[in-house]
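Q: 234 is the number of the first residue of the first sequence in this note's numbering; add one for each residue after it.
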Amino acid sequence: MPELPDVELFKRLAEQCCIGKTIADLKVADPKLLKGVSPAALQRQWRNKKLRAAHRHGKVLFLEADSAGTLAMHFGMNGSLQSLADNEEEPPFVRLTLAFTDGHRLAYLNPRRIGHVMLISDANAYIAEEGLGPDALSPAFDYAAFTAALDGKRQAIKAVLMDQTCIAGIGNIYADEILFQAKLYPLTSANALDEAAKQRLFKALKWVLQTAVDYKAGAEIFTDRLPKGFLIPERHAGGKCPRCGAAILSFKLGGRSGYYCPRCQPEPDG
DNA sequence: TTAAGTGTTGCTCT
DNA sequence: AAGAGCAACACTTA
234 MPELPDVELF
244 KRLAEQCCIG
254 KTIADLKVAD
264 PKLLKGVSPA
274 ALQRQWRNKK
284 LRAAHRHGKV
294 LFLEADSAGT
304 LAMHFGMNGS
314 LQSLADNEEE
324 PPFVRLTLAF
334 TDGHRLAYLN
344 PRRIGHVMLI
354 SDANAYIAEE
364 GLGPDALSPA
374 FDYAAFTAAL
384 DGKRQAIKAV
394 LMDQTCIAGI
404 GNIYADEILF
414 QAKLYPLTSA
424 NALDEAAKQR
434 LFKALKWVLQ
444 TAVDYKAGAE
454 IFTDRLPKGF
464 LIPERHAGGK
474 CPRCGAAILS
484 FKLGGRSGYY
494 CPRCQPEPDG
C-alpha cells in the first residue's frame, strides 16, 4: 500500500543495504514498466556503477547512480521494494532487480503492474515535469505552504489532500486517516474550512504521516502496527470508531471508497 | 463467481 | 474553464 509512509520505508531500506555499493548487474523482468529507456540501455548504463543516494518525493522513490542518471520508481497500487540475500529465492512479481557485487539484490516488485520505473537525469526536473506539489513531510511544507496549497480550492477537502499536484504523498487511506484525526467531514469544500480547522488539519497531516513512518519502521516485517486510535484498522464496512464506538460510514469520491465517523466528523450544518 | 481494491490518466459531461 | 464522474490499466484477494 504505497503511500508516503510506505515509500519512506523503501527509501530507508535502500539506504541501509545499497548506498555506496557497486551494481554488478541490472535485470529488467518486465519491460512494460520501464519508461524513457530500453532494458538493454539501462543495463549497459548502470552496470559497474555505484548507487550514490536514495531520495523520496511524495510517493516516488529516486535511486541515484554515479554518473548514470536516476531511477524514478512509482509503486502504483501495490508495488514494493525488497532486499534479497545472496542465495535467497526471488519472490513472485519481481519486475526489476539490482544485483550488487556483495551478492545481495534489491528487487522492485509490482503484482498488478500499475506503476513505472523511469530513467531520468535529475529528481528535481522530474518533480517539475510531473507537476508534483511539495512533499507532505518535508520541513519546507509548513503551515504557510499548506494554506497556500489550499488557497482557492473549492473541491472536497479529501480530494485536495489526495491531489499530488497540490500536496505530494497522500493517498486514499491516509487521507481518510488524516481527516479522522482532524475531526473533519471529508466532503467539506476546502475553502469552507476556517482557521481553526486548517490548523487542526495541518497538525493531523504531519502527525499521522510521521507516526505511521515511525511505527512501521519499528515494526517487524509484515506486522504493520499502528498506534491505538487510528481509523485505518476499522476502515471497512462494519467498522467501529476507535474514539467513540459509532458505526463507521462509507462514501464515494471520484470512484474511490472513503470511510469516516459520523459522530466525530459531523457534516457542517447538515 | 463477482466485486472491490492502495494510484494515475484521460475522456466526457456538466 | 473548472470540477465531477467514469473507465481503463493488470491482477489479486475476499
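Just so you know, even glycine gets a beta-carbon here, dropped at the ideal spot from N, CA and C. Since the structure is predicted, the reported quantities are computational estimates derived from the model, not experimental observations.
Identify whether Ile252 lies in helix, strand or coil by the three-state DSSP scheme.
A: If DSSP states are grouped into helix, strand and coil, Ile252 belongs with coil.
Q: When you compare the stretch 399–419 with the stretch 286–300, are there three or more beta-carbon pairs, one atom per stretch, that lie closer than 8 Å?
A: yes
Q: Does DSSP put Thr456 in a helix, a strand or coil?
A: Its pLDDT being 47, under 50, Thr456 is placed unreliably by the model, and nothing is read from it.
Q: Spell out the partners DSSP gives Tyr341 in its beta bridges.
A: Residue pairing for Tyr341: DSSP places it in a beta bridge opposite Leu314 and Leu329.
Q: In chain order, what residues of the same chain have a beta carbon less than 6 Å from the beta carbon of Glu500, not counting five sequence neighbours either side?
A: Tyr418
Q: So is the beta-carbon of Leu482 under 7 Å away from any non-hydrogen atom of the ligand NAD?
A: Ligands in the displayed structure: none, and consequently the ligand NAD is not present.
Q: Could you compute how far the alpha carbon of Ala408 sits from the alpha carbon of Asp368?
A: 14 Å
Q: Hey, how far is the Cα of Arg346 from the Cα of Lys268?
A: Arg346 and Lys268: Cα-Cα distance of roughly 13 Å.
Q: Hey, out of Lys485, Ala445, Leu486 and Ala262, whose CA is closest to Val240's CA?
A: Check the Cα spacing between Val240 and each of Lys485, Ala445, Leu486 and Ala262: the tightest is with Ala445.
Q: Give me the Cα-Cα distance between Ala487 and Asp427, rounded to the nearest whole angstrom.
A: One point to set straight first is that residue 487 is Gly, not Ala, in the sequence displayed. Cα to Cα, the separation comes out at about 25 Å.
Q: Please confirm if the stretch 304–321 is in contact with the stretch 377–386, defined as three or more CB-CB distances below 8 Å between the two stretches.
A: no
Q: By Cβ distance, which residues of its chain are closer than 6 Å to Ile360, with the 5 residues on each side in sequence left out?
A: His290
Q: Among residues of its own chain, excluding the 5 on either side of Pro475, which ones have a beta-carbon nearer than 8 Å to its beta-carbon?
A: Lys461, Gly462, Phe463, Leu464, Pro466 and Glu467
Q: Cβ of Gln315 within 8 Å of Cβ of Ala340?
A: yes
Q: Could you check the C-alpha separation between Gly472 and Tyr493 for me, to the nearest Å?
A: Computed Cα separation, rounded: 10 Å.
Q: Which residue from Asn405, Asp396 and Cys251 puts its Cα closest to that of Glu363?
A: Asp396
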